[in-house]
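Residue numbers (my numbering), protein chains in the order written: chain A, -16 to 274; chain B, 640 to 1470. All residues carry an ideal CB built from backbone N, CA and C; glycine is no exception.
What follows is the structure, given as structure tokens:
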């Protein structure tokens, strides 16, 4: 929902945001250390409780994972993956939610002006008043996050608790995490924290440990420590996410091209009419007289 | 815990065994994560399943359920063989040098003193060798004498070679050796390690001996009494520590005093026979703090009976109930079912009524069909709970539990709606012995009442009846002190004041010179004042105290359990201003052992207490007479020897830990096939006590809890039901393939008690095992489902399958290791 106090950097289907540029804000970031996540799901419940989301029907199908994927009433899901490595078995657990990309694919794909906004602090949020429920945001997101809610007719996803953040509080999931695997702060601080932890993991034998902050989407508001950073797909993360070609092509190239083409066509039609005048019949009768 | 939750961050190595702390104590477990992050500590997990704790471990070893003693004895052997133990500590603080009677031996699975008719041991054969000339016990400080504890221990564990450990536990030799290496890296002054455990150890027929083996290992490594060390039980319920502290099981009164047995007819006999006699070995004298028993017991009697208790009537000792049999769970329900009880005086009728408060016997008791059948024999049952639990509706149990048809059941059942944890105030004592006051958050709904009101109103009504109608021994009820401001709903602050204790008369300091009658008397406490410490308790009836361990928690300064000052000057996470921890606000028990023979900290960066030349100083509260110089007393002041017991001559099933198979054994015990299982752990013999063999039931089954759920009541909570929507059975991939069961399909699990069905969760996390040279499979069941709760989230009771088997010392049921077989599931009924 729109936060009045926060300036908007980018807005869907709008040529520019409403940022005056007068207030400079640090980008905020959520830090997830998958190497210390115990999969307790306190964050899953905290998110639902804070955002007043309905209880979702689930079924035991042979996994600890609550749901196969995010849902309109379930914005935060721990993904479990049993994976054999040379050194032994690992049970990888990653908190899956909106990544709050710097270049959000959902915002780019969205055709409704102001339905998706990116605040000056980097948080990407839905404004339900402007959302037309077309679902194009789902196509635009390289992380498969936004979900259409049949109940409200709008898109729903993690808001990085922008309402809490705007009041100086940390997001609900961060607060609920019992082991300190989640942290919240400025992007700069969270990246520094991540690099420290990655160094420690590397010293402990995880040579491929890395901080997942993909450049293909300009970096993400959510940064994730991965012990097996060479294989983000094991955690359910795309290796090198970009805004999908269909969206970037259509929005960055085809759309301006199309607008240009329409504009050019109108200019062309007008110019032609000015030069050539109304259409004359071939047999010499004056215009306006029917035959 | 000997140490505490926050203290775990001080450890270099954390061995999580016999428990799943990330799963079941996620908040406390943050301190293990903190240790990993801030001091690069190593988390070692040894567990039959690759759990959520294993997911963040540095080292994981798979272990056959129930074979923990073999593993731990293997590490002890490794430590001794490779000299990776803290020798100086062992000589200073343990009974390693003590010589043991020539009669003591271990042969073919039995220790000496075995009586086959009573199926118990005569422990006289395990005694220390007395030295009549010095009036102490014989010791060999060099640890060389073949009869000294150290050499006997070495001999006892000699059979537990890495090859034997692999044979018994299924853990590959190299994996076991790696664990041993990491764990024993703390066997010196510079490093310290902690061991955490929970029901994965207690719920076995050798449970106490598993914990013993861990305690022995920690003593060898010199980890007990040091910050970052200890033997740490992770209690299961948020106030179970408080519950046992206040005498929550039949054989203890509050403060872990012994409930009087029927053969101790008066207080003098009780005080003669019960407190241990001081054993002064070498080189140090023993404080034997339990010699203060009379002060604790008399003060407790004064708290219980108030003015009615006086020296003339033995302080009311004769009004206390005496135990004349075994009133533990397993026996209680057995007698309930059989309708008769074995008592010292002969056979009596079985219990006719039961009050169960915050407890769900039909759900939690082993062998659910036996539990349900037993309940149906009662004349009356009172269930105090805030949900309509399985016990409250036992007569409606589904037919597979074999219960009698409701028309045949004569039990009158009452449910008294109680308050939930957020709806009441009071103190919760956590595993770290921190007594924390908590405040009520919301009012209880409808007619629900807090526990104290329910109990008080029952008590007052019963007392009223005794007053009007008399009865057998009415004094036992009429003389109970009940002086609360609101007798029908006592304020728990008042109760805590009573537990803390107060002076009943003016208390004076003992005179320095008893002969000098003119010496001015120094007043310690005026009559009516709250006491500051259990050191002020007296045996003459001048003090009253509901629990000596809690003295100091509610002083004249107020309710210290409400303190929330997070100052931590030492940086070790002791937080002496945050609430009050028993005893005496000490945070690490046995902390004399955190310093060497001269009183200097083994590790200056992690000091417990230190000697400054005149007295013991912090950062912790000394667990030692403050002005006793380092050489005077042994560190383990609660034991009669004053020394930590590598050899424990007091347990029902042996002074050393020995690997026995479970009561339903998966294999013949390779160490001593003639005595395969714990010889002291008995079986039961009603029709419903069925035991299977490995031939019929070739798969080992274990039971456990999940993070998302708490026992049987969270299946009433919608949000949690989302996270774990239904019962499942964890199966190894290979076993599932062999049995033709796919992930998500229904699978049936069958034991000698009965069968159940659930969703198969096929997993890599339960790996294949080779035990005694042959493949052996194990599966696991979470326990949180039953026949009452939110629609769509019901399921079978895991205890349908568990046996009537129990630990030899504590009678805790053996939930963790029993035998089953698998079948494909029957198709689910479509409604």
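Who are residue 195 of chain A's beta bridge partners in DSSP? Along the first chain, one-based indexing puts residue 195 of chain A at 212. DSSP output for residue 195 of chain A lists A/207 as bridge partner(s).
Look at the alpha carbon of residue 807 of chain B and the alpha carbon of residue 702 of chain B, and state the distance between them as a whole number of angstroms. Here residue 807 of chain B is taken as the residue at index 168 of the second chain, counted from 1. Here residue 702 of chain B is taken as the residue at index 63 of the second chain, counted from 1. Answer to the nearest angstrom: the Cα atoms are 9 Å apart.
Given this structure, state the Cα-to-Cα distance separating residue 641 of chain B from residue 850 of chain B, to the nearest angstrom. Sequence index remark: in the second chain, residue 641 of chain B carries index 2 (1-based). Sequence index remark: in the second chain, residue 850 of chain B carries index 211 (1-based). In a straight line, the C-alpha of residue 641 of chain B is about 13 Å away from that of residue 850 of chain B.
Short-range partners of chain B found in the stretch 171 to 183 of chain A, where Cβ spacing is below 9 Å: 180, 183
Interface residues of the stretch 10 to 28 of chain A facing chain B [CB-CB below 8 Å]: 18, 19, 20, 21, 22, 23, 24, 25, 27, 28
Out of curiosity, what's the CA-to-CA distance linking residue 166 of chain A and residue 825 of chain B? Within the first chain, residue 166 of chain A is the residue found at index 183, counting from 1. Within the second chain, residue 825 of chain B is the residue found at index 186, counting from 1. When rounded, the distance between both Cα atoms is 32 Å.
State the DSSP-derived secondary structure class of residue 16 of chain A, mapped to helix, strand or coil. Here residue 16 of chain A corresponds to residue number 33 of the first chain, with the count starting at 1. Three-state result, residue 16 of chain A: strand.
Tell me whether the stretch 119 to 127 of chain A and the stretch 143 to 151 of chain A touch, counting them as touching only if at least three CB pairs, one residue from each stretch, are closer than 8 Å. no
Specify the secondary structure class of residue 1336 of chain B as computed by DSSP and reduced to three states. Taking the second chain and counting its residues from 1, one reaches residue 1336 of chain B at position 697. Reduced to three states, the DSSP call for residue 1336 of chain B is coil.
DSSP three-state call for residue 647 of chain B: helix, strand or coil? Counting from 1 along the second chain, the entry for residue 647 of chain B is found at position 8. Three-state DSSP puts residue 647 of chain B in a helix.
Taking the alpha helix (DSSP H) that residue 700 of chain B belongs to, which residues open and close that run? Locating residue 700 of chain B in the second chain gives position 61, where the first residue counts as 1. First-last for residue 700 of chain B: 698 to 701, but that is the beta strand (DSSP E), not the alpha helix (DSSP H).
Just curious, the beta strand (DSSP E) that residue 994 of chain B is in, first and last residue? Stepping through the second chain from its first residue, residue 994 of chain B is reached at position 355. 992 to 996 is the span of the beta strand (DSSP E), which, as asked, contains residue 994 of chain B.
Are the stretch 1102 to 1115 of chain B and the stretch 1078 to 1091 of chain B touching, with three or more C-beta to C-beta distances below 8 Å? no
Classify residue 936 of chain B: buried if its beta carbon has 16 or more other beta carbons within 10 angstroms, exposed otherwise. Position 297 of the second chain, counted from the start, is the residue given in the question as residue 936 of chain B. The residue in question, residue 936 of chain B, is buried, as its Cβ has 16 or more Cβ neighbours within 10 Å.
Quick check on the DSSP output: the beta strand (DSSP E) that includes residue 686 of chain B runs from which residue to which? Stepping through the second chain from its first residue, residue 686 of chain B is reached at position 47. That run of the beta strand (DSSP E) goes 681 to 686.
Using a Cβ-Cβ cut-off of less than 9 Å, give me the residues of the stretch 205 to 231 of chain A that come near chain B, in sequence order. none
With distances taken Cα to Cα, identify the nearest neighbour of residue 225 of chain A among A/87, A/50, A/234. Indexing the first chain from 1 puts residue 225 of chain A at position 242. Minimum Cα distance to residue 225 of chain A is reached at A/87.
List, in order along the chain, the chain B residues whose C-beta lies closer than 8 Å to that of residue 74 of chain A? Taking the first residue of the first chain as position 1, residue 74 of chain A is located at position 91. Those are 689, 691, 693, 694, 1404, listed as they occur along chain B.
Pairwise C-alpha distance: residue 840 of chain B and residue 69 of chain A: Counting from one through the first chain, the residue named residue 69 of chain A turns up at place 86. Counting from one through the second chain, the residue named residue 840 of chain B turns up at place 201. Rounded to whole angstroms, residue 69 of chain A to residue 840 of chain B spans 31 Å at the Cα level.
So does the stretch 860 to 868 of chain B actually touch the stretch 1335 to 1348 of chain B, counting three or more Cβ pairs closer than 8 Å? no
In chain A, which residues lie with their C-beta within 9 Å of the C-beta of residue 1358 of chain B? Within the second chain, residue 1358 of chain B is the residue found at index 719, counting from 1. Ordered by position in chain A, the residues that pass the 9 Å Cβ test against residue 1358 of chain B are 27, 28, 31, 32, 38.
Here's the rule: buried if 16 or more other CB atoms are within 10 angstroms of the residue's CB, otherwise exposed. What is residue 1152 of chain B? The residue you call residue 1152 of chain B lines up with position 513 of the second chain. Classification of residue 1152 of chain B: exposed, given that the 10 Å Cβ count is below 16.
In its own chain, which residues sit with a C-beta less than 7 Å from the C-beta of residue 97 of chain A, not counting the 5 before and 5 after it? Residue 97 of chain A sits at position 114 when you count from the first residue of the first chain. Same-chain partners within the cutoff: -6, -5, -3, 110, 113.
Going straight from the alpha carbon of residue 51 of chain A to that of residue 42 of chain A, what length do you get? By 1-based counting over the first chain, the position of residue 51 of chain A is 68. By 1-based counting over the first chain, the position of residue 42 of chain A is 59. Each residue's Cα considered, the two are about 10 Å apart.
Helix, strand or coil for residue 1422 of chain B? Go by DSSP, reduced to three states. Working through the second chain from its first residue, we reach residue 1422 of chain B at position 783. Three-state DSSP puts residue 1422 of chain B in coil, outside helix and strand.
What does the Cβ neighbour count give for residue 108 of chain A, buried or exposed, with the cut at 16 atoms within 10 Å? Numbered from 1 along the first chain, position 125 holds the residue referred to as residue 108 of chain A. So residue 108 of chain A counts as buried.
Which of the three DSSP states, helix, strand or coil, is assigned to residue 168 of chain A? The count along the first chain starts at 1 and reaches residue 168 of chain A at position 185. Residue 168 of chain A: strand per DSSP, three-state reduction.
Nearest neighbour of residue 1115 of chain B, chosen from B/951, B/943, B/1432, B/1234 [CA to CA]: Taking the second chain and counting its residues from 1, one reaches residue 1115 of chain B at position 476. Nearest of B/951, B/943, B/1432, B/1234 to residue 1115 of chain B, Cα basis: B/943.
Beta-carbon gap between residue 643 of chain B and residue 1212 of chain B smaller than 9 Å: Taking the first residue of the second chain as position 1, residue 643 of chain B is located at position 4. Taking the first residue of the second chain as position 1, residue 1212 of chain B is located at position 573. Cβ atoms of residue 643 of chain B and residue 1212 of chain B: closer than 9 Å.
Starting from the beta carbon of residue 1365 of chain B, find every residue of chain A whose beta carbon is closer than 8 Å, and list them in chain order. Taking the second chain and counting its residues from 1, one reaches residue 1365 of chain B at position 726. The answer, in chain order, is 42, 43.
How close, in whole Å, do the beta carbons of residue 1364 of chain B and residue 1432 of chain B come, if the pair is a contact with beta carbons under 8 Å? In the second chain, residue 1364 of chain B corresponds to position 725, counting from 1. In the second chain, residue 1432 of chain B corresponds to position 793, counting from 1. 6 Å between Cβ atoms; contact.
Strictly below 8 Å CB to CB, what residues from chain B border residue 161 of chain A? In the first chain, counting from the first residue as 1, residue 161 of chain A sits at position 178. Under the 8 Å cutoff, chain B gives 665, 666, 668, 669.
Would you say residue 1361 of chain B lies against chain A (beta-carbon separation less than 9 Å)? For the purposes of this step, residue 1361 of chain B is taken as residue 722 along the second chain, with counting starting at 1. Yes, its Cβ sits closer than 9 Å to a Cβ of chain A.
Alpha carbon to alpha carbon, how far is residue 233 of chain A from residue 274 of chain A? Give it in angstroms, no decimals. Reading the first chain from its first residue, position 291 is the one you call residue 274 of chain A. Reading the first chain from its first residue, position 250 is the one you call residue 233 of chain A. Below a pLDDT of 50, predicted positions are generally treated as unreliable, and residue 274 of chain A, at 41, falls in that range; the measurement from the model is reported next regardless. Between residue 274 of chain A and residue 233 of chain A, the C-alpha separation is close to 47 Å.
Let's test the definition: count the other Cβ atoms within 10 Å of the Cβ of residue 1075 of chain B and tell me whether it reaches 16, buried, or not, exposed. Taking the second chain and counting its residues from 1, the one referred to as residue 1075 of chain B is at position 436. With 16 or more Cβ atoms within 10 Å of its Cβ, residue 1075 of chain B is classed as buried.
Output the boundary residues of the beta strand (DSSP E) element that contains residue 1065 of chain B. Walking along the second chain from the start, residue 1065 of chain B turns up at place 426. Element bounds for residue 1065 of chain B: 1065 to 1068.
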